[in-house]
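Just so we're aligned: the sequence shown equals residues 222 to 488 in this note's numbering.
Where is the CB? At the ideal position from N, CA and C, for every residue including glycine.
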Amino acid sequence: MGKVIFITGVSSGFGKAMAEALSGQGHVVYGSSRRPGFKTEGVQVLKMDVTVEEEVKQAVQTIVDREGRIDVLINNAGFGLAGALEDFTEEEAKMEFETIVLGAYRCSRSVLFHMRRQKAGMILSVGSIAGLMGIPFQGFYSASKFGLEGLMQALRYEVSRHGINVVMLNPGDFDTGFTKNRRLVEKTPDSDYKERFFRTLDVIEKDEGSGLKADVLAKKVTSIVGKRNPRHRYIVASFDQKLAVFLNRALPPKWFFRIIGSHYKTH
222 MGKVIFITGV SSGFGKAMAE ALSGQGHVVY GSSRRPGFKT EGVQVLKMDV
272 TVEEEVKQAV QTIVDREGRI DVLINNAGFG LAGALEDFTE EEAKMEFETI
322 VLGAYRCSRS VLFHMRRQKA GMILSVGSIA GLMGIPFQGF YSASKFGLEG
372 LMQALRYEVS RHGINVVMLN PGDFDTGFTK NRRLVEKTPD SDYKERFFRT
422 LDVIEKDEGS GLKADVLAKK VTSIVGKRNP RHRYIVASFD QKLAVFLNRA
472 LPPKWFFRII GSHYKTH
């Protein structure tokens, strides 16, 4: 029997790939997009902004009214904002947290009543390798993904007795629209960090351009959604990136700092 699945941010990249793959598996898939009139095959798209609480509540209620339940929430909405920490304005920093951390909070909170009543459900959040290790010149993206990690770990303890699985998905570098949609902080053209920033950004974009395709992640998600007892975390990344996550825990901090600094050409 197909599940009723709600995915935030289905306009492009991971969200679109996951929505189409899950629909192709026979699930009833709803997706959110901030773009009015956006459509994708096999997916019922609702106009919703994860930063607007009333829109989130209305979208979840619409799904429950139509389907009678909601089995899986996939917190996917997010964006990249790059720049030196010193160059971020407070408003720019808040934008990342509003979308990635508080957006996931709003959506999760809105589905939890229904999942507790069902005594079953899954909340799957799309984190990042950047949520397991800080990435230079993507400080607030990393910070928001770290925040998402903590939020979901705490939630896991709170709802496990209600039959609700809380799962983190940590992608590495992928070749999606994320690269071209990345925004730069407003001060970047006049930044004292400009030369080093663009040198590092060039490395990041090359890594993403040679990364995995979105359908690899989508295939993993279709597998996770079908599991009765999924793992708490799935890292979907190249061997090198999985190794970096391990080394971040295993090596003395100074050694790891040198390795990552050398890769991203920050020194």
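How far does the beta strand (DSSP E) with residue i in it reach, from first residue to last?
i: G252; result: 249-254
Suppose the cutoff is 6 Å on Cβ atoms and the five residues either side in sequence are ignored; what does the same chain contact list for residue i look like?
i: A341; result: G384
i: Y485; result: P357, T421, V424
i: R256; result: S232
i: I344; result: L294, S329, V387
i: L433; result: F395
So who's on the other strand from residue i, going by DSSP bridges?
i: K346; result: According to the sequence shown, residue 346 is Ser rather than Lys. Beta-bridge pairing links S346 to N296, M389.
i: A303; result: L405
i: F477; result: F477 is not bridged to any residue.
i: I226; result: V250, V293
i: L433; result: F395
i: V442; result: BP columns for V442 are empty, so no partner.
How many Å lie between residue i and residue j at the Cα?
i: L243; j: H335; result: 21 Å
i: F300; j: Q339; result: 32 Å
i: N391; j: V446; result: 15 Å
i: G528; j: K415; result: Nothing about residue 528 can be read from this structure; the chain reaches only from 222 to 488.
i: A298; j: E312; result: 19 Å
i: E370; j: L323; result: 12 Å
i: L468; j: F361; result: 22 Å
i: I291; j: V249; result: 10 Å
i: F367; j: G247; result: 33 Å
i: H453; j: I284; result: 26 Å
i: W476; j: T229; result: 38 Å
i: H488; j: F309; result: 21 Å
i: R377; j: N450; result: 13 Å
i: Q462; j: V225; result: 33 Å
i: S381; j: T443; result: 22 Å
i: G482; j: R337; result: 45 Å
i: M389; j: T397; result: 20 Å
i: V347; j: R404; result: 19 Å
i: K268; j: Q282; result: 13 Å
i: V277; j: T320; result: 12 Å
In terms of residue numbering, what span does the alpha helix (DSSP H) encompassing residue i cover?
i: Y326; result: 311-339
i: R195; result: No statement about residue 195 is possible, as the shown extent of the chain runs from 222 to 488 and does not include it.
i: R452; result: No alpha helix (DSSP H) holds R452; DSSP gives it neither H nor E.
i: D308; result: Neither: D308 is in no alpha helix (DSSP H) and is coded neither H nor E.
i: A465; result: 460-471
Counting only the same chain and skipping the five closest in sequence on each side, list residues whose C-beta sits under 7 Å from that of residue i.
i: V231; result: K237, A240, G252, S253, S254, T261, V264, V266
i: V466; result: I350, L353, M354, I456
i: L372; result: V322, A325, Y326
Quick one: residues in its chain with C-beta nearer than 8 Å to the C-beta of residue i, no 5 flanking neighbours on either side, listed in chain order?
i: E274; result: R327
i: D436; result: A238, A242
To test your reading of the DSSP string, which unbroken alpha helix (DSSP H) runs of 4 or more residues are found completely within the stretch 349-407?
List check, alpha helix (DSSP H) in window: 360-380, 399-402.
Could you pull out every unbroken alpha helix (DSSP H) segment of at least 4 residues lying fully inside the stretch 231-296, listed in chain order?
234-245, 274-288
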